[in-house]
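Residue numbers (our numbering): 2 to 205. For every residue, glycine included, the Cβ atom is placed at its ideal position computed from N, Cα and C. Given the structure is predicted, the values throughout are model-derived calculations rather than measurements.
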Ligand code: ADP
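Shown next, in the form of structure tokens:
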């Protein structure tokens, strides 16, 4: 079972690329943002708490995230979806881990299962370009806009990325499994480069 982590700031294109490479490689695309948005629609205390947290652009508690992911990758079976066979090839994690605590929990989880994270791929995009993308996303997403896609929340998410998520770059560099891709290249080129890394037989 292959485990790939996609890293990148809001606006770096992780979600789009995760869907594309999932179709190409057969790995299951696991977007924690999407999982949480689904959960947030439930009219339950948990749903309401999640809705408030993501609406404000903040991170939901680590324990909740770790349990969500553990339930999915344990035994290569996703307990949350209807088709566990979809998960056998492995996962592309989009949105997890998002801080060092979550990364350590993921390490412990995969070690426990005799697995490993094969590649952590960073989609690198200059901050100026991110801010432009973020502003146009907030302006243009119309009726389909996510509750956390206002310009101010997006900028807040960018600052959370810088303070809490970007320390994962040296963390995974230290493990020798970080790969950097230029996320400013045309989308199809990024997809192709990601696919090459993921399907290559060479160890990280
Ligand atoms: P983006 O990467 O563009 O910010 P996502 O869809 O990945 O968007 O995430 C949306 C929101 O979901 C985040 O701002 C955060 O509130 C929540 N979230 C997603 N993944 C995690 C995580 N691993 N830990 C904590 N919160 C998360």
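Check	Outcome
C-alpha gap between residue 182 and residue 54, whole angstroms	30 angstroms
Residue 97 CB to nearest heavy atom of ligand 1 below 7 angstroms	yes
Own chain, CB closer than 8 angstroms to residue 40, minus 5 neighbours either side, in chain order	47, 48 and 51
Backbone secondary structure at residue 157 - three-state DSSP	helix
Touch test, the stretch 90 to 99 against the stretch 134 to 143, Cβ-Cβ under 8 angstroms, three pairs minimum	no
Best match in 68, 154 and 56 for proximity to residue 38 [C-alpha to C-alpha]	56
Of the listed residues 42, 16 and 43, nearest to residue 30 (C-alpha basis)	16
Cβ-heavy atom distance, residue 8 to ligand 1, below 7 angstroms	no
beta-carbon residue 170 near ligand 3 non-hydrogen atom, thresh 7 angstroms	What this structure holds is ligand 1, not ligand 3.
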